[in-house]
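Let me begin by presenting the structure, written as structure tokens, before commenting on it.
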Amino acid sequence: MRPLLVFALLGLLGATGAVAQDAPIRLEKPWVRRAPAMPDAKPGAESNAGGYVTIVNRGTAPDALVGASADVAARVELHETRNMSGMMMMEPVAKVEVAPGARVELRPGSYHLMLIGLTRALTPGQTVDLTLRFERAGALTTRATVR
Amino acid sequence: MLRSGAFDPPRPAPDFALPTTQGGEFRLSRHLGKVVALTFGYTSCPDVCPTVLAELSQLRVRLGAAAKRVQVVYVSVDPERDTASRLRAYTEQFDKTFLGLTGTPDQLTTVWKAYGVSVVRRDLPGSQPPTYLIHHSASVFLIDSTGRLRVMAPFGTPVDDVLHDVRALLKE
Numbered sequence: 001m002r003p004l005l006v007f008a009l010l011g012l013l014g015a016t017g018a019v020a021q022d023a024p025i026r027l028e029k030p031w032v033r034r035a036p037a038m039p040d041a042k043p044g045a046e047s048n049a050g051g052y053v054t055i056v057n058r059g060t061a062p063d064a065l066v067g068a069s070a071d072v073a074a075r076v077e078l079h080e081t082r083n084m085s086g087m088m089m090m091e092p093v094a095k096v097e098v099a100p101g102a103r104v105e106l107r108p109g110s111y112h113l114m115l116i117g118l119t120r121a122l123t124p125g126q127t128v129d130l131t132l133r134f135e136r137a138g139a140l141t142t143r144a145t146v147r
Numbered sequence: 148m149l150r151s152g153a154f155d156p157p158r159p160a161p162d163f164a165l166p167t168t169q170g171g172e173f174r175l176s177r178h179l180g181k182v183v184a185l186t187f188g189y190t191s192c193p194d195v196c197p198t199v200l201a202e203l204s205q206l207r208v209r210l211g212a213a214a215k216r217v218q219v220v221y222v223s224v225d226p227e228r229d230t231a232s233r234l235r236a237y238t239e240q241f242d243k244t245f246l247g248l249t250g251t252p253d254q255l256t257t258v259w260k261a262y263g264v265s266v267v268r269r270d271l272p273g274s275q276p277p278t279y280l281i282h283h284s285a286s287v288f289l290i291d292s293t294g295r296l297r298v299m300a301p302f303g304t305p306v307d308d309v310l311h312d313v314r315a316l317l318k319e
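Top line first, the protein sequences correspond to chains A and B.
The opening position of the first sequence corresponds to residue 1 in my numbering, with each subsequent residue numbered one higher.
The opening position of the second sequence corresponds to residue 148 in my numbering, with each subsequent residue numbered one higher.
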């Protein structure tokens, strides 16, 4: 029993070390846009906020962002804003591909996370935990600053 | 020389009146003497609208004392959800001087049309409770102190360029 437990623990440590050193997906510069608590918000009309992060794929395999969640929102969708001759259109997207070696920037007016149904106001300087789900890399959590 | 999409020749800015979030009425033609930065958006908009408002707030900070001669006006494209109190909470987090304007669909439609702002509602598929986004033009219009429409800065125009143009209009 005991050797098995030690072995299991070593295995765990090994796995954690591997994640820290060789994780192919790195999240950089995460931030979330400020948003007020909404007075008189009916269900479906609570505050929303944009979430932004740069995704770096240092691995050799393609990966894709396929979903996200946040500790302050009912749900999070992946969206893309497109500019059609001055008309700003925002559409949900199923995934955001990140090729090996690529750096994909989620930024205003482009790909972004839409935090839907905020559970509280977000004021500059606060932090929000964003969890991003990748096809290969699985779930990665990062702490974003509210701006 | 203006940098961010000048109206040449300038033309009179279409006048309009809408209720303000403070309970009064805003009438554009009563703001002569100031440069008005007019833009359109809605409070449930997570990406484009807050970006525009954050940039305009940055612009006022960079203007320093001259900022008191610049009035930012934010007209709702979502009369259904944008109540006065909601709009006020939204604009105030960027700058307490921003004026949010909402109204009935008819009142707002008149203003959208006058400025060529297209507004298209788009339901979010599978959302529960049902929710929607609004596709809309997000340009910033600059109206000079004599009430003429001078600039239409499309979304993404560098803040430096808009700032340059506001300063130019303030000097005239």
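We put the CB at the ideal spot given by N, CA and C, even for glycine.
List the endpoints of the continuous alpha helix (DSSP H) containing Ser204(B). In this chain, the alpha helix (DSSP H) harbouring Ser204(B) covers 195-210.
Beta-carbon neighbours of Gly125(A), restricted to chain E and to distances below 9 Å: Protein chains A and B are contained in the structure displayed, whereas chain E is not.
Measure how close the beta-carbons of Thr244(B) and Val219(B) come, nearest whole angstrom, since I'm counting them as under 8 Å. 7 Å
Does the separation of the CB atoms of Ala68(A) and Val56(A) fall below 7 Å? no
Would Leu179(B) be called buried (16 or more neighbouring beta carbons within 10 Å of its own) or exposed? exposed
Under the three-state DSSP convention, the category Tyr111(A) falls into: strand
Going by other Cβ atoms of all chains shown within 10 Å of its Cβ, with 16 needed for buried, is Arg235(B) buried or exposed? buried
With a cut-off of 7 Å, does the C-beta of Arg34(A) fall near any C-beta of chain B? At a cut-off of 7 Å between beta-carbon atoms, Arg34(A) makes contact with chain B.
Whose C-beta lies closer than 7 Å to the C-beta of Leu280(B) among residues of the same chain, with five residues either side of it excluded? Arg269, Leu271
Give me the Cα-Cα distance between Ala164(B) and Arg177(B), rounded to the nearest whole angstrom. 10 Å
Using a Cβ-Cβ distance cut-off of 7 Å, determine whether Arg297(B) contacts chain A. Taking Cβ atoms only, chain A never reaches closer than 7 Å to Arg297(B), which makes this a no.
Which bits of chain B does Leu132(A) rub up against, with CB to CB less than 9 Å? Ordered by position in chain B, no residue passes the 9 Å Cβ test against Leu132(A), which lies about 17 Å from the chain.
Beta-carbon contacts of Gly117(A) that lie in its chain and below 7 Å, excluding the five residues immediately before and after: Glu46, Ala73, Ala74, Arg75
When the Cα atoms are used, what is the spatial distance from Gly294(B) to Lys181(B)? Going by the C-alpha atoms only, they are around 9 Å apart.
Just to confirm the assignment, what range does the alpha helix (DSSP H) spanning Val258(B) have? 252-261
Does DSSP put Asp308(B) in a helix, a strand or coil? helix
Evaluate the contact criterion for the region 189-200 of chain B versus the region 221-239 of chain B: three or more CB pairs, one atom per stretch, below 8 Å. yes
At what residues does the beta strand (DSSP E) containing Glu239(B) begin and finish? No beta strand (DSSP E) contains Glu239(B), which is instead part of the alpha helix (DSSP H) from 231-239.
Please work out which residues of its chain come closer than 6 Å, Cβ to Cβ, to Gln21(A), disregarding the five sequence neighbours upstream and downstream, and give them in chain order. Residue confidence for Gln21(A) is low, a pLDDT of 46 falling below 50, so the modelled location carries little weight; the figure read from the coordinates is stated next. Here the set comprises nothing.
If we ignore side chains and look at the alpha-carbon of each, how far apart do Ala18(A) and Pro226(B) end up? In this prediction, Ala18(A) has a pLDDT of 40, which is less than 50 and means its spatial position is unreliable; what the coordinates show is noted afterwards. When rounded, the distance between both Cα atoms is 52 Å.
By the criterion of Cβ-Cβ separation under 8 Å, what are the contact partners of Thr81(A) in chain B? Asp194, Val195
Expressed to the nearest angstrom, what Euclidean distance is found between the alpha-carbon atoms of Leu132(A) and Ser85(A)? 31 Å
When burial is assigned at 16 or more other CB atoms within 10 Å of the CB, is Pro124(A) buried or exposed? exposed
Can you find at least 3 beta carbon pairs, one from the region 102-110 of chain A and one from the region 52-66 of chain A, that sit closer than 8 Å? yes
Identity of the residues DSSP links to Ala153(B) by a beta bridge: Val298(B)
Taking the straight line between their C-alpha atoms, what separation do you get for Ser286(B) and Asp312(B)? 14 Å
Could you tell me if Arg33(A) is buried or exposed, where buried requires 16 or more neighbouring beta carbons within 10 angstroms of its beta carbon? Taking all protein chains shown into account, Arg33(A) has 16 or more neighbouring C-beta atoms within 10 Å of its C-beta and is therefore buried.
Can the beta-carbon of Asn48(A) be found less than 7 Å from the beta-carbon of Pro193(B)? It is a contact, given that the beta carbons lie within the stated cut-off.
Under 7 Å Cβ-Cβ, which residues of chain B neighbour Ala49(A)? Pro193
When the Cα of Lys42(A) is compared with those of Ser204(B), Arg233(B), Pro197(B), Val224(B), which residue comes out closest? If we check each option's Cα against that of Lys42(A), Arg233(B) comes out closest.
Taking 7 Å as the CB-CB cut-off, is Gly303(B) touching chain A? yes
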